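Numbering (the working numbering), first residue to last: 1162 to 1796. Ideal Cβ positions, reconstructed from N, Cα and C, are used throughout, including at glycine. Source: prediction; values computed, not measured. The next block holds one structure in the form of structure tokens; read it before the comments.
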């Protein structure tokens, strides 16, 4: 039922069923965990996960933020009491609500904040704006500031756990994503964005055709990247005070073609064509001192104009970087984008892709590249007679989502790169280039190893799914060193991650079932790891005792190491194995110093890992690196 904003605020921060002490948290947590495993009838499991997160915050911050910790604890006790009664404890919560869910990518509970409109009754689907916070903020603070709580940016780091009250109202949901700290919404943090959207949609009636992505600063970089990468998912993309290109943002010299390709996966500038059918608006203050320079937005504006893509560029002369209040404008942004519906069935599509995870726009999807590490593109147009013309570059296979094609019902007629193809009416039409010609494809898996969506690399692709880190146990003297390296890596190779922790186990506890159902990262050498020894001769880059063998060349220097991703051939090839090895234990461990953006494989030495580059190798070049071909071979 609806409540006034002030009453909802009082319920949120000041009305627990009973006072509870911090000493009670372990017992409350144990009870909530039992209920999460076996929820009472009428209580969704996610509700208990959210209560566990509130208890976690209270416990972790009771010393330095006792007032906030007591509020979180009070809310947890109040909500847990409702759950005991067999009622969804969040059913009647309105205003600002802190929720959480369990991610497959990390052992840590992942939080988010959501504004639930006062008048929401669940009977009608409502729009939702997805907010991505900046570098000094978090999910709760972003929502509080966006909804009118004016806080100077220099106070942001001390206000993450404040419980705010909205200063204005809107009929839309606003959900603020945590994004695992400051990974800037790449990889596991990209998945967090879509998992939050899914979780919010499981609890609330969200209009899937009116979901807007929005972000500021670091969150604006994520907004640009995910906005262009998945333009077909959004009714609108609204970004502020950010770089629309990782290549521009890095400011790094000496970038290789592979570096540029990898960065382009999250660059709106490099994927601008994808935004042809999506409402796009972006803001930048001319007084922004950087590193998100105003000129980056102007470059993007020029690129969009050259491509003929409609957009609105708000070039603000009198403001600097922190535009969050200006952008939301007391709910004017939410009211404006709520009027826009996603275009599910455009007649014309322009698609560019740098990997297979971000290779769909609307009803057109690239499912295979001819050459990996090279941009692919596909342009499609539906003629008046219903025939579909498709032109491609560097594309080996396509999927057509037939029900969304704006063509007459019945068989779908296509001309793909000059080849006539007919797809029977149905949900998904598959095409493959074979012998230089496009043909309808049966969808039967090809024999042998072949790259496909979800199993195509690069190394960072493993971050999207459940991954276990393991270490060699053959050599007792090396075991503790390898375990420390595995635990370090399990906290996330990308810099600035928070709230990410993957499971770690010794390799002698790894079962065949785990190899079939999880991605596995193994750190060790053939001398110290049974898994590495078993894999060594079955990988394109062979691992021998004291040597890394690359294209027949035996590299034996003591600082030579390798990290590579490959289908796990020990368990049918349906999941990834990531091998970090070397000629010595020290060389294998040094692989933890590789940068964020890495291709399928990297062979490095001590010069490469002397320091840890943040984003890309740049001038700190490895011995060699690159992408495996479509059949998982060295090109």
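Non-local C-beta neighbours of residue 1310 in its own chain, meaning closer than 7 Å and more than five positions away in sequence, comprise 1325, 1328, ordered along the chain.
For residue 1485, the enclosing alpha helix (DSSP H) stretches over residues 1485-1489.
Restricting attention to beta strand (DSSP E) runs no shorter than 3 residues, the segment 1622-1707 encloses them at 1628-1632, 1665-1667, 1680-1684, 1703-1705, ordered along the chain. Rounded to whole angstroms, residue 1541 and residue 1508 show a C-alpha spacing of 8 Å.
A direct Cα-to-Cα measurement between residue 1497 and residue 1462 gives close to 21 Å. For residue 1501, the closest of 1494, 1371, 1424 by C-alpha to C-alpha distance is 1371.
Separation of the CB atoms of residue 1480 and residue 1446 is rounded to 4 Å, and the pair is thereby assigned contact status at 8 Å. Per DSSP, the beta-bridge partners of residue 1474 are 1443.
Contact between the segment 1374-1391 and the segment 1666-1683 is not established, with fewer than three Cβ pairs separated by less than 8 Å. If you draw a straight line from the Cα of residue 1783 to the Cα of residue 1769, it is about 5 Å long. Here the segment 1352-1363 makes no contact with the segment 1662-1674; the two share fewer than three CB pairs at distances below 8 Å. The segment 1757-1768 and the segment 1714-1721 touch, with three or more beta-carbon pairs separated by less than 8 Å. For residue 1728, the uninterrupted beta strand (DSSP E) segment begins and ends at 1722-1728.
In the DSSP assignment, residue 1530 forms a beta bridge with 1556.
Between residue 1730 and residue 1699, the CB-CB gap stays under 8 Å.
Going by DSSP, residue 1322 is part of no beta strand (DSSP E) at all; its letter is neither H nor E. Restricting attention to 1774, 1264, 1576, the CA atom closest to the CA of residue 1661 is found in 1264. 1653 is the residue among 1760, 1741, 1525, 1653 whose C-alpha sits nearest the C-alpha of residue 1343.
Taking the Cα positions, residue 1212 is about 51 Å away from residue 1711. One thing to note: residue 1425 has its Cβ within 8 Å of the Cβ of residue 1431. Look at the beta carbons and you see the segment 1399-1407 not touching the segment 1518-1538: under three pairs across the two are nearer than 8 Å. For residue 1512, the enclosing beta strand (DSSP E) stretches over residues 1509-1514.
For residue 1382, the enclosing alpha helix (DSSP H) stretches over residues 1379-1390. Of the candidates 1583, 1747, 1616, the residue whose Cα lies closest to the Cα of residue 1642 is 1747.
The segment 1293-1309 makes contact with the segment 1485-1493; the number of CB pairs closer than 8 Å reaches 3 or more. Listed in chain order, the alpha helix (DSSP H) runs fully inside the segment 1222-1285 are 1227-1245, counting runs of at least 4 residues.
Here the alpha carbons of residue 1254 and residue 1205 stand approximately 15 Å from one another. The residues 1598, 1599, in chain order, have a CB closer than 7 Å to that of residue 1580 in the same chain once the five nearest residues on each side in sequence are set aside. Residue 1373 is bridged by DSSP to 1290, 1397. By the 16-neighbour rule on beta-carbons within 10 angstroms, residue 1456 is exposed. In the three-state scheme derived from DSSP, where H, G and I count as helix and E and B as strand, residue 1595 is classed as strand. According to the DSSP assignment, residue 1785 belongs to the beta strand (DSSP E) that extends over 1785-1787. For residue 1335, the enclosing beta strand (DSSP E) covers residues 1334-1338.
Burial is judged here by how many other beta carbons sit within 10 angstroms of a residue's own beta carbon; residue 1476 has fewer than 16 and is exposed. Around the CB of residue 1348, 16 or more other CB atoms lie within 10 Å, so the residue is classed as buried. In the DSSP assignment, residue 1741 forms a beta bridge with 1684, 1724.
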